[in-house]
Each structure stands twice: as structure tokens, then as C-alpha cells.
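Novice: Just passing along the structure, written as C-alpha cells.
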Amino acid sequence: MNLTTIYWRDIPAQVTGQDGKIRHRIELPQRFQVAIDRAAMDAGMIGTDEYLTEWRKETETIETENLEQAVAHRADELDGDWTSDVLNACVANLGYLASPNGEA
Numbered sequence: 000m001n002l003t004t005i006y007w008r009d010i011p012a013q014v015t016g017q018d019g020k021i022r023h024r025i026e027l028p029q030r031f032q033v034a035i036d037r038a039a040m041d042a043g044m045i046g047t048d049e050y051l052t053e054w055r056k057e058t059e060t061i062e063t064e065n066l067e068q069a070v071a072h073r074a075d076e077l078d079g080d081w082t083s084d085v086l087n088a089c090v091a092n093l094g095y096l097a098s099p100n101g102e103a
């Protein structure tokens, strides 16, 4: 089974899972989309092709018997790990956990 996390820059937005033709998707809570919109606006990217190019996916293959549970577990992990402080710091850094040139 493939488990994919979709990000705008470094901010997660959605978790999807696929096992053959079966798919399951969970969007992270609204605070993540609000943070993405804020960071994109601060970076001057709302409504631009440049904004769209900043979306990326990270996919891993996992062994599980329950696709929905695996997707929900990953979404819960991200929601717990991305506290308001972490999310706000990332927004202040225009969507990056560290600055694009590698500085924290």
C-alpha cells in the first residue's frame, strides 16, 4: 500500500492512501489550509502558477491491512506534531520549516 502526504512547501495539507484500486483521503484540519493561504499570500503567490508549483508529494510503501486506519493514523500524527507554534513559525518563514537557503 502507498501512503502519500501532500504538502505546500513544508506545510502538510492532505494524506492519501492507495491499495490497488482502493483509495482513501483525509484533508488535514482547516488550520493547515489557512496557514498555507497565509504563507502563500505573504510570499506573493496567491493565484499564480508559482503557487501551484510549490505543491509536492512524499510517498512511502507500508504494510497494513487497514487502509483507512493507516491514513487516519498519519493524519492524526501530523495534526499532533504540527502544533500552532510550529505551524505559525512555518507561516512566518513563508511555508518553510527552515529558510530556503538552509538557515533555521
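Residue numbers are given in numbering that gives the first Met the number 0: position 63 of the sequence shown equals residue 62, and the series is strictly consecutive.
Quick reminder that beta carbons are idealized off the backbone N, C-alpha and C, glycines included.
1) Can Ala12 and Gly94 be called in contact, C-beta distance under 8 Å?
2) Asp48 lies in the alpha helix (DSSP H); which residues open and close that run?
3) Near Arg8, which residues of its chain fall below 6 Å by C-beta distance, leaving aside the five closest residues on each side in sequence?
4) Relative to the C-alpha of Gly79, which residue among Asn92, Gly16, Gln17, Arg30 is closest?
5) Could you check how far apart the C-beta atoms of Leu27 and Ala74 are, in whole angstroms? I think they sit under 8 Å.
Specialist: Taking the coordinates as given:
1) With a cutoff of 8 Å on beta-carbon distance, Ala12 and Gly94 are scored as not near each other.
2) 48 to 52
3) Taking C-beta separations shorter than 6 Å and ignoring five residues to either side along the sequence, the partners of Arg8 in its chain run Glu53, Gly94, Tyr95, following chain order.
4) Arg30
5) 6 Å
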